[in-house]
Structures are given as structure tokens and as C-alpha cells.
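In my numbering, the protein residues as written are 638 to 818.
Don't be surprised by glycine CBs; every beta carbon is placed ideally from N, CA and C.
Predicted model only: the values in this text are computed from it and were never measured.
In what follows, a structure is listed as C-alpha cells, so that the remarks can point back to it.
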Amino acid sequence: MDVDGDRFRQLMGRFVTGVSVVTTLDDGRPQGITVNALSPVSLQPPLVMVALDRRRFIHPMVRELGRYAVNVLGEGQQGLSDCFAHAAVKPGELGREDFCGAAWHEGPTGLPILDGAIAGLECTVTETYPAGDHDLFIGRVDALDDGGPAAEEIGPLLYFRRRYLRIEQAAHADVEGKPEA
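What follows is the structure, encoded as C-alpha cells:
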């Protein structure tokens, strides 16, 4: 039975995801792309997985360098998410080839970490698995960036049904059921 790709994308849009930018280096130049296919895999050792489309420009860079950083975006960083998601920009605007004009710094391993990201993870690829039109890059986390004290007060940038969301903090929320231990 064939599944319609557009319908599949529409239904997967009902799953709320955090938004991150995967960054790497290409001949010493920072490169980045917006992703929402990110998952922690293991605590010991610390591993994360990102899924990258083989047709996207950043795929061969990550494969060749064998390293990437995950930059978890905070609310208010929709502009960066949009820029790193789209190659085409309007004339006069900074695009992905200009690293979206984003302020960044080198993390401890030398990978680009976006200023203002609420978390940064610098990773070395340990395994790669083909998955349809994507490859799953398992990365060992080599260094962490907590985004500084301000990041503690900023909520994550979320994506749902092709729109950005923010978490509204409730003064009190009743919880039904028993949380897992």
C-alpha cells in the first residue's frame, strides 16, 4: 500500500517538535540547516541522532567532516529557523550562504555555536544509518554549551502544523495520573 507523501507530511505536522539548527564547517566556513528530526539516544555514553536529507547541501559536509553541532533554538529565534530552513532569500537579505547573518562563537571543539541558542551540543559522528531519503547521524556528544544564565529563562522554539508555538507557563496545573518513576 502506497502512502501519499504530502498527506504523511501533513499528519506528521501534528507532532510537536523542538527546532534546532545543525551546524558544521566547510573549509573553515560555518554552515547550518534547520532540523526537527533530533533525538537523544543514550546517556552513557551521551549520544544524539539527527536525520539529514541526502539531497541537502549540508549532508556531504557532515559526512566528510564527521562532526556537527546541534543548536537548540529558543522562542524568538523564528527568523534564524526560517533562514536556515530555506536556501532562497529575497534580494538584499542575508541567506544561508552568509550563515544567515547569525552571531556565533566557536565551541570547545571548534564547531559553530549560535549565540542565543538555549543549548549547544558538539558531536562526533560515531555511526551513520540509511533511512529512506535521509541518513541518521549518531553523534557522541563531546562538549556542551548551556547558553548562559539567560537561557534558563527562555522557552524552546516549537513547531506544530507548520507554525511556531511557545509554551505558556501556568501558575498551577493539575496533573492527572501518576508520573513514571
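By alpha-carbon positions, which one of the options ends up nearest to residue i?
{"i": "R700", "options": "F774, E789 and G665", "result": "F774"}
{"i": "Q715", "options": "L794, R692 and E813", "result": "L794"}
{"i": "T765", "options": "I750, G703 and M638", "result": "G703"}
{"i": "P667", "options": "T763, G738 and P767", "result": "G738"}
{"i": "A740", "options": "L717, T761, G642 and H723", "result": "L717"}
{"i": "M649", "options": "A674, I750 and L710", "result": "A674"}
{"i": "N708", "options": "P682, G665, H742 and P767", "result": "H742"}
{"i": "P682", "options": "T763, E813, T746 and L689", "result": "T763"}
{"i": "M686", "options": "T746, P767, L710 and L751", "result": "P767"}
{"i": "I750", "options": "L710, D735 and E789", "result": "L710"}
Tell me the rounded alpha-carbon separation between residue i and residue j.
{"i": "D719", "j": "I670", "result": "10 Å"}
{"i": "G784", "j": "V659", "result": "16 Å"}
{"i": "L680", "j": "I755", "result": "20 Å"}
{"i": "R803", "j": "G792", "result": "7 Å"}
{"i": "G757", "j": "F645", "result": "30 Å"}
{"i": "H696", "j": "T661", "result": "10 Å"}
{"i": "R799", "j": "E712", "result": "15 Å"}
{"i": "V778", "j": "T761", "result": "7 Å"}
{"i": "G665", "j": "A722", "result": "21 Å"}
{"i": "T746", "j": "E805", "result": "35 Å"}
{"i": "D735", "j": "L689", "result": "21 Å"}
Contact check, residue i vs residue j under 8 Å by CB: the rounded distance?
{"i": "G744", "j": "A706", "result": "6 Å"}
{"i": "L684", "j": "G776", "result": "7 Å"}
{"i": "A787", "j": "E759", "result": "Rounded, the Cβ-Cβ distance is 20 Å, inconsistent with contact."}
If you check the beta carbons only, do residue i and residue j fall under 8 Å apart?
{"i": "Y801", "j": "T654", "result": "no"}
{"i": "R691", "j": "D772", "result": "yes"}
{"i": "V672", "j": "S657", "result": "yes"}
{"i": "D643", "j": "M698", "result": "no"}
Where does residue i land, buried or exposed, given buried means 16+ other C-beta within 10 angstroms?
{"i": "D639", "result": "exposed"}
{"i": "S676", "result": "exposed"}
{"i": "L748", "result": "buried"}
{"i": "F652", "result": "exposed"}
{"i": "D782", "result": "buried"}
{"i": "Q647", "result": "exposed"}
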